[in-house]
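Participant:
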Amino acid sequence: MFIHQFFFLTATCLLHACSSYDTSDPNIKCFPGNQPGRANCKSAYGKIIYESDSTLDVNEGHVEKISGNCAVMVDKPYDLKLTRQTIEDGFAKMLSHCADYSGSYTLPDFKDVKLSTRGRVPYPGIEQDTPSDKLICHPVTKNRSAPEDCIDAYDAIPTNADGEFLFEGSTCTSVYNTVKSCTVAIMSSDESDQKGHEQNNLPNGVNM
């Protein structure tokens, strides 16, 4: 009997040692192998900007902030009021379960609201804190774009009288165009309308 009890206790201890995070809440999922760090994540969600009444902007469906090696995300339906207290309590609970690992938490009291964390993506990935004037060069593939095709693709994007890019006649937060070997994509990280420049001075946000 003593041998069986000893084996059971040993097996139980080993089982808990293999799982360094708490799996007791089915709404929280922790992902081993990726460790953005609890302190980094706490600093990241502290950077989220709220309205004067301490709620998230109802027009925001996705919010992302980063600090150190941790990026935090809030995904919610539009028009839903979500308080700062709810978000910070949710992240705190998830971090208490996942420790230094990344994870996600589907808030049980709200429909389609998810908090999540992940590690910083390596270069040439673009993060929320990447400087707007930083040039990002992607590895050259065998199907390299011809520079003249990129210039033609950029020049062919329609604009209004103020130089703002248009999509189907309306200003837009992102636009793309393809000419032969090159696709030019211009995207706004803060959902603001984009304004064009001369072809020899392409904006740094242009992906080719």
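Quick note, the sequence shown lines up with residues -20 to -1, 1 to 188 if you use mature numbering (1 follows the signal peptide of the UniProt record, and there is no 0).
Every residue, glycine too, gets a C-beta built ideally from N, C-alpha and C.
(1) Could you check what DSSP says for Thr66 in three-state terms: helix, strand or coil?
(2) Kindly indicate which three-state DSSP category Phe71 falls into: helix, strand or coil?
(3) So Asp92 and Lys56 are in contact, right, with Cβ under 8 angstroms, and what is the actual spacing, rounded?
(4) Note down the Cα distance separating Lys160 from Asp113, rounded to an integer number of angstroms.
(5) What is the DSSP secondary structure of Arg98, counted as helix, strand or coil?
(6) With three or more C-beta pairs closer than 8 angstroms as the rule, is the segment 94 to 109 touching the segment 141 to 153?
(7) Taking buried to mean at least 16 other C-beta atoms within 10 Å of its own C-beta, is Tyr103 buried or exposed?
(8) In the DSSP assignment, find the unbroken beta strand (DSSP E) run with Ser32 in it and report its ends.
(9) My output table needs one value for Glu148: the three-state DSSP class, helix, strand or coil.
(10) When DSSP labels each residue in this structure, what does Asn20 get in the three-state scheme?
(11) Residues in the same chain with beta-carbon distance under 8 angstroms from Asn123, minus the five sequence neighbours each way, listed in chain order, please.
(12) Who are Cys162's beta bridge partners in DSSP?
(13) Just the C-alpha distance for Asp59 and Leu36, rounded to the nearest angstrom, thanks.
(14) If you reduce the DSSP assignment to three classes, tell me which class Tyr25 lands in.
(15) Does DSSP put Glu128 in a helix, in a strand, or in coil?
(16) Decide if the segment 14 to 30 is in contact with the segment 38 to 54; the criterion is three or more beta carbon pairs, one per stretch, under 8 angstroms apart.
(17) At the level of alpha carbons, what is the spacing between Lys94 and His77?
(18) Tell me whether Ile116 is buried or exposed, calling it buried when 16 or more other Cβ atoms sit within 10 Å of its Cβ.
(19) Output needed for Pro88: all residues of its chain with C-beta closer than 8 angstroms, excluding positions within five of it in sequence on either side, in chain order.
(20) Classify Val101 as buried or exposed, calling it buried when 16 or more other Cβ atoms lie within 10 Å of its own Cβ.
Facilitator: By the coordinates alone:
(1) Position 86 of the sequence shown, counted from the start, is the residue given in the question as residue 66. Thr66: helix per DSSP, three-state reduction.
(2) Taking the sequence shown and counting its residues from 1, one reaches residue 71 at position 91. Helix, per DSSP.
(3) Along the sequence shown, read from residue 1 onward, the residue named residue 92 stands at position 112. Along the sequence shown, read from residue 1 onward, the residue named residue 56 stands at position 76. Their Cβ separation, rounded to whole angstroms, is 7 angstroms, which keeps Asp92 and Lys56 in contact under 8 angstroms.
(4) Translated into positions along the sequence shown, residue 160 becomes position 180. Translated into positions along the sequence shown, residue 113 becomes position 133. If I take the Cα positions, the gap works out to 27 angstroms.
(5) Residue numbering aside, residue 98 sits at position 118 when the sequence shown is read from its first letter. Residue state for Arg98 is assigned as strand, using DSSP reduced to three classes.
(6) Contact fails between the segment 141 to 153 and the segment 94 to 109, because fewer than three Cβ pairs, one in each stretch, are under 8 angstroms apart.
(7) Here the question's residue 103 lines up with position 123 in the sequence shown. By the neighbour-count criterion, in which 16 or more other beta carbons inside 10 Å mark a residue as buried, Tyr103 falls on the exposed side.
(8) Against the sequence shown, residue 32 aligns to sequence position 52. Unbroken run through Ser32: none, as it is neither H nor E.
(9) Against the sequence shown, residue 148 aligns to sequence position 168. Reduced to three states, the DSSP call for Glu148 is coil.
(10) Residue 20 sits at position 40 when you count from the first residue of the sequence shown. Per DSSP, reduced to three states, the secondary structure at Asn20 is helical.
(11) As a working note, residue 123 is residue 143 in the sequence shown. Contacts found: Ser161.
(12) For the purposes of this step, residue 162 is identified with residue 182 of the sequence shown, where counting begins at 1. Answer by DSSP bridge pairing, in chain order: Val159.
(13) The count along the sequence shown starts at 1 and reaches residue 59 at position 79. The count along the sequence shown starts at 1 and reaches residue 36 at position 56. Taking the straight line from one Cα to the other gives about 10 angstroms.
(14) Within the sequence shown, numbered from 1, the residue matching residue 25 stands at position 45. If DSSP states are grouped into helix, strand and coil, Tyr25 belongs with the helices.
(15) Residue 128 sits at position 148 when you count from the first residue of the sequence shown. Three-state result, Glu128: helix.
(16) Put simply, the segment 14 to 30 touches the segment 38 to 54. At least three CB pairs are less than 8 angstroms apart.
(17) Taking the first residue of the sequence shown as 1, we reach residue 94 at position 114. Taking the first residue of the sequence shown as 1, we reach residue 77 at position 97. Taking the straight line from one Cα to the other gives about 15 angstroms.
(18) For the purposes of this step, residue 116 is identified with residue 136 of the sequence shown, where counting begins at 1. Exposed, since its Cβ has fewer than 16 Cβ neighbours within 10 Å.
(19) As a working mapping, residue 88 is identified with position 108 in the sequence shown. Setting aside the 5 residues that flank it on each side, Pro88 is surrounded in the same chain by Asn7, each with a C-beta closer than 8 angstroms to its C-beta; the list follows chain order.
(20) Reading the sequence shown from its first residue, position 121 is the one you call residue 101. Under this definition Val101 is an exposed residue.
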